[in-house]
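Asks: Per mature numbering (1 follows the signal peptide of the UniProt record, and there is no 0), the sequence shown runs over residues -28 to -1, 1 to 254. Idealized CB from N, CA, C, for every residue including glycine. The model shown is predicted, which means the values in this text are computed figures rather than measured ones.
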Amino acid sequence: MQAWKLLRAALVTVVAGATLIAPATAMAADPPSSAIDVSKTSLNVGEEFTITQTVHNTASFTIVGAKAALFGKTGVSLPGMIELVGCTGAIICFPLDIEFRAALGDLPSGATRTVVFTFKVLDTAPESVTLQHQLLGDEYSFELFEGPTLTFAVAPVNADVSVGLTGSASGPRINYTLTVQNNGPATATGINVAAAYPAGLNYAGTTGCTRVGTTRNLNCAVASLASGASVTKTFSASAGLLTTGSFVATVQRTASSPTDSVAGNDKASKTCSILLGLLVRC
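1) Among P170, S208, G200, which one has its Cα closest to the Cα of T182?
2) Alpha carbon to alpha carbon, what distance is there between A141 and N147?
3) Of the choices I23, D232, I8, whose alpha-carbon is the least far from that of A131?
4) At what residue ranges does the segment 119 to 184 contain a whole run of the beta strand (DSSP E), taking only runs of 3 or more?
5) Short of 6 angstroms in beta carbon distance, which residues of its chain neighbour L247, apart from the five on each side in sequence? Order them along the chain.
6) Would you give the residue range spanned by the beta strand (DSSP E) that R188 belongs to?
7) Tell me K92's beta-bridge partners as DSSP assigns them.
8) Quick one: residues in its chain with C-beta nearer than 7 angstroms to the C-beta of R188, no 5 flanking neighbours on either side, listed in chain order?
9) For K242, does the count of other Cβ atoms within 10 angstroms reach 16, so buried, or fall short, so exposed?
10) Starting from the C-beta of G18, find all residues in its chain whose C-beta is less than 8 angstroms away, skip the five residues before and the five after it, and write them out in chain order.
11) Any idea if G44 is buried or exposed, counting beta-carbon neighbours within 10 angstroms, 16 or more meaning buried?
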C-alpha cells in the first residue's frame, strides 16, 4: 500500500512537470521602424506615382520631431530625378538637399504613422535608382532600410520646331512675319528657316533675317529656343507700278538640333493679291 502511494505521487510530479515546460504562445514581432510600398517601379518621364511610407517608433521613448525620410542609394539626389507633387498623412512634406522628408511631429513609443508621397518623374531622371528609407528624429535616427529600385524610360531627345507665316499690306508693300516655335520637349539649337519673297516683287528689307546676295532668298537663324518658346522675324517686299496677280511667299525650316520629330509643320506660305501695284490684299 505504501508503495502504491509513492508511485502515485511520482506520477503527479511528472505530469505537473510536463505542464510547467509546455511551450508558451509566440509573441508577435514589432513592425520595422520604416517600410515603403511603391505604386509602380517602371516609369516614364512625366508619369506620376506614389510611395507609401509607414514608420513605427520601436524605441521605449517618444521621438521628438519625427520625420519619414526617403533617399536614393549611394547619395544620388532624389529631387534631381523626381518632383514632389503632394503628400498626405504628414504636417508637411518637402525636399531637403538630396532627399525628401515628411514632418510628423512627436511620435510616442509604439506609435505608427503612414505618409503617402506623390511624385512626378523629371526628364533629368537617370536609368534607375534604388530607394532607401528611414525614420528620423531631431536627436535620434533609426535603421536605414533599402527599398525597391525605380527604373526610368530614357526621355526622347527631340525638338519639334514649327514655322508660321503671315502677311499684311501697307500701301504697295507686303510685310511678312515669320514665327518660329519650339514645341519641345528638348531645347532646340542651330535653327535656320529659309524664306523667299514672291517673284515679281522687290526686296524691301528685313529684321532678324539675312538676304542671300541679291536673290529673293533669306536665311532666318535662331541660335537657341527653349521648349514652349517662340520668336518672330520679319521681311518685306514691294510691288512695282502696274504689278498685278497672286504672289506667294514661302518659309521652310532647313536646320535644327536635336532631331525634329514632326515634319508636317516645317514649312508655311502666304498668298497675297496685287492689282496694278496699288491695291494689295493678303
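Replies: Taking the structure as given:
1) One-based indexing of the sequence shown puts residue 182 at position 210. Measuring from the Cα of T182, the nearest candidate turns out to be S208.
2) Working through the sequence shown from its first residue, we reach residue 147 at position 175. Working through the sequence shown from its first residue, we reach residue 141 at position 169. The straight-line gap from Cα to Cα measures roughly 6 angstroms.
3) To locate residue 131, count along the sequence shown from 1; it is residue 159. The candidate whose alpha carbon is nearest that of A131 is D232.
4) 131 to 142, 145 to 157, 160 to 168, 174 to 179
5) Locating residue 247 in the sequence shown gives position 275, counting from the first residue. Excluding sequence neighbours, L247 sits near T216.
6) For the purposes of this step, residue 188 is identified with residue 216 of the sequence shown, where counting begins at 1. Neither: R188 is in no beta strand (DSSP E) and is coded neither H nor E.
7) As a position in the sequence shown, residue 92 is number 120, starting the count at 1. Paired residues: E20, E55.
8) Translated into the one-based positions of the sequence shown, residue 188 becomes position 216. Within the same chain, R188 has close Cβ partners A168, Y169, A171.
9) If you number the sequence shown from 1, residue 242 lands on position 270. It counts as buried.
10) Looking up residue 18 in the sequence shown gives position 46. Once the five neighbours on either side are set aside, the close Cβ partners of G18 are K92, V93, D95.
11) For the purposes of this step, residue 44 is taken as the residue at position 72 of the sequence shown. With 16 or more other Cβ atoms within 10 Å, it is buried.
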